[in-house]
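Enquirer:
Residue numbers (the numbering used here), protein chains in the order written: chain X, 161 to 349; chain E, 161 to 349.
Structure below.
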């Protein structure tokens, strides 16, 4: 049995590209907060999420993921309301930032981890564009206050890395991590 | 009135990120074939598509686009059946290629053009993976025989550039081109 320890519909859709049969069980793990190293923080949180679900399902393959946005070394999580989203978008406007997803797979008592980094280059947004986008509500539950594949498509000039990582689950990296761990998503049941 | 001169559902979805009201009219223009310069070819075809529709709707803003895949200077169009798709995917496996979309906007008797280039890095695919993917049928109507956002997500290690360009319409570049031409997609009707 494969379990995705995340309630994100975007992660569920992306995991569907690697395996047809999996269930979702949202972790109740407390997330780690402070960290000097954003990559280590994302991986730590992915491990915490996966482990808390794996503890209840020792025979399952459990996948955890945690995505953060980093601008000039500062970590952006989900915004605190519409005003918070507007402030975050104003900070991202016209700049390059990094999206980091930590991955963890718990299987057979072992934990396999990886981190994927994608650089995202925002074009300059006007104050009016930011206001309109924040008001759609889409940014409110997103790390960094935007969705690459949603209303922010038109603001993003380019990326360097895997687009699925920006959406929330780096599919290629997860496939490689599973292969290295000897886990076959297609054959798991 | 805004007209998209393309029948691609993927382009229609992406244009929806820039304007809410547009209609689709597929061009019957003959496409240019030979070209030493892939960028010029993509732009030429975008112009041909947009112009053939604009000729019938002189008061409309008409958008044309043409997407090609280029590997080591060789242009890949749509595959010739399942075997052709398998051969194309085998060529792309483990290599970097370029996706180029030519854009043309016809408005008020003027034509505005641009070309967007995105580098795509495929991981190595096994012969079995290629066979399974080609058999899904998804590659058959795609330039280069794959869909970034579809079954090929798990094969693509990274991109350098705009993901929407790989899907078929570079949204950010189109927004900038329209702005430079003084066209407001939101206010057009």
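Glycine residues also receive a C-beta, built at the ideal position from the N, C-alpha and C atoms.
1. For residue 193 (chain X), does the count of other Cβ atoms within 10 angstroms reach 16, so buried, or fall short, so exposed?
2. Could you have a look at residue 241 (chain E) and say whether DSSP puts it in helix, strand or coil?
3. My output table needs one value for residue 186 (chain X): the three-state DSSP class, helix, strand or coil.
4. Starting from residue 178 (chain X), find everything on chain E with Cβ-Cβ shorter than 7 angstroms and list it in chain order.
5. At a cut of 8 angstroms, does the segment 314-328 of chain E reach the segment 321-336 of chain X through at least three beta carbon pairs?
6. Using a cut-off of 7 angstroms between C-beta atoms, extract the partners of residue 324 (chain E) located in chain X.
7. Taking 7 angstroms as the threshold (C-beta atoms), are residue 305 (chain X) and residue 231 (chain X) in contact?
8. Along the segment 317-347 of chain E, where does the CB come closer than 7 angstroms to a CB of chain X? Name the residues.
9. How is residue 233 (chain E) classed by DSSP in three states: helix, strand or coil?
10. State buried or exposed for residue 183 (chain E), treating a residue as buried only when at least 16 other CB atoms are found within 10 Å of its CB.
11. What did DSSP end up calling residue 272 (chain X) once you bin it into helix, strand or coil?
12. Near residue 235 (chain E), what residues of its chain come up, given a Cβ to Cβ distance below 6 angstroms and the 5 sequence neighbours on each side ignored?
13. Go through the segment 298-330 of chain X residue by residue and report every complete run of the beta strand (DSSP E) that reaches 3 residues or more, in order.
14. Whose CA, out of E:216, E:211 and E:233, lies closest to the CA of residue 223 (chain E)?
15. Is the segment 282-296 of chain E close to the segment 241-260 of chain E, with three or more CB pairs under 8 angstroms?
16. Can you tell me where the alpha helix (DSSP H) holding residue 174 (chain E) begins and where it ends?
17. Does the structure place the segment 263-277 of chain X close enough to the segment 289-305 of chain X that three or more beta carbon pairs sit under 8 angstroms?
18. For a contact meaning CB atoms closer than 8 angstroms, what does residue 297 (chain X) contact in chain E?
19. Is residue 246 (chain E) helix, strand or coil by DSSP?
20. Going straight from the alpha carbon of residue 262 (chain E) to that of residue 272 (chain E), what length do you get?
21. Output needed for residue 237 (chain E): all residues of its chain with C-beta closer than 6 angstroms, excluding positions within five of it in sequence on either side, in chain order.
22. Do residue 225 (chain X) and residue 329 (chain X) have their CB atoms nearer than 7 angstroms?
23. For residue 220 (chain X), which residues in the same chain have their Cβ closer than 6 angstroms to its Cβ, ignoring the five residues on either side in sequence?
24. Per DSSP, which one or two residues make a beta bridge with residue 279 (chain X)?
25. Is it buried or exposed for residue 292 (chain E), if we count other Cβ within 10 angstroms and need 16 for buried?
26. Excluding sequence positions up to five away, which residues of its chain have a Cβ less than 7 angstroms from the Cβ of residue 318 (chain E)?
Expert: Taking the structure as given:
1. exposed
2. helix
3. coil
4. 314
5. yes
6. 313
7. no
8. 317, 318, 319, 320, 321, 322, 323, 324, 331, 332 and 335
9. coil
10. exposed
11. strand
12. 198 and 228
13. 316-321
14. E:211
15. yes
16. 169-175
17. no
18. Those within 8 angstroms of residue 297 (chain X) in chain E number zero; the least Cβ separation is about 16 angstroms.
19. helix
20. 11 angstroms
21. 303
22. yes
23. 161 and 163
24. X:258 and X:320
25. exposed
26. 281
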